[in-house]
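Below is one structure, written out as structure tokens; the observations come after it.
Have a look at this one:
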């Protein structure tokens with residue numbers, strides 16, 4: 053099923069006025085659910101390159117930036133002015149560029165990220181249907197990286213065709229503005245920052261027996277804006 057069809061089904065499930073979920077006992081543990089569309093600006097800063105077991109520190113002249121979009125789904129519980137959420141997101145994007153020597157040496161990598169976040173939010177104040185909040189929390193990301201190309205001297209371009217899987221801990225902070233457009237639903241816009249706490253390791257080459265022997269390490273972070281629809285039970 054395509055992503056847009058999944059989102060349409062999820063929204064229909066949330067707002068359908070029948071008893072589609074009223075008899076599910078697990079649902080009683082949560083006070084709301086929703087879906088969000090995110091625009092995320094990923095930033096990488098190369099920290100070094102390994103080739104044949106010789107690690108060379110990077111000399112980057114700035115961050116490389118890639119912007120992509122994704123959808124999230126979430127479930128939440130209210131505790132007065134405080135809310136707790138479980139959030140799941142999947143992000144696939146191509147050709148994230150990482151430089152590690154003055155833009156002459158860099159690689160492009162395709163990413164597939166499955167991420168689970170545990171967020172907390174605090175409502176600062178409400179005014180005429182508007183709700184202002186701060187939030188954040190830890191997360192865990194399952195990352196699959198597929199090397200696309202590796203530029204080693206400013207001219208040559210080599211196909212890598214190598215995969216590397218990693219599990220990375222994350223944390224995020226955000227500010228939000230919500231607008232209640234009906235008694236049990238609201239629109240919410242959040243802006244924030246996310247840090248991937250472990251360095252990512254992107255493969256560059258293999259030796260004859262198929263073992264990866266070249267890689268670049270880099271720091272990964274992102275800035276994001278989320279447009280959320282929240283349905284309360």
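Numbering (this note's numbering), first residue to last: 53 to 285. By construction, the Cβ of each residue, glycine as well, lies at the ideal position given by its N, Cα and C atoms.
Exposure label - residue i; buried when at least 16 CB within 10 Å
i: residue 167; result: buried
i: residue 126; result: buried
i: residue 235; result: exposed
i: residue 247; result: exposed
i: residue 116; result: buried
Same chain, Cβ closer than 8 Å to residue i, neighbours up to 5 away in sequence not counted
i: residue 188; result: 171, 172, 223, 224, 225, 226, 244
Residue i vs residue j beta-carbon contact at 8 Å
i: residue 82; j: residue 132; result: no
i: residue 274; j: residue 93; result: yes
i: residue 281; j: residue 87; result: yes
i: residue 221; j: residue 249; result: yes
i: residue 192; j: residue 219; result: yes
i: residue 229; j: residue 252; result: no
Where the beta strand (DSSP E) through residue i begins and ends
i: residue 123; result: 116 to 131
i: residue 248; result: 237 to 248
Same chain, Cβ closer than 7 Å to residue i, neighbours up to 5 away in sequence not counted
i: residue 175; result: 133, 183, 185
i: residue 231; result: 181, 182, 238, 239
Neighbourhood of residue i by C-beta distance below 6 Å, restricted to the same chain and skipping five residues each side
i: residue 217; result: 196
i: residue 277; result: 91, 243
i: residue 135; result: 128, 173
i: residue 137; result: 126, 128, 171
i: residue 80; result: none
i: residue 142; result: 166
Anticipated Cβ contact below 8 Å, residue i with residue j, distance rounded
i: residue 164; j: residue 144; result: 5 Å
i: residue 90; j: residue 124; result: 6 Å
i: residue 96; j: residue 148; result: 6 Å
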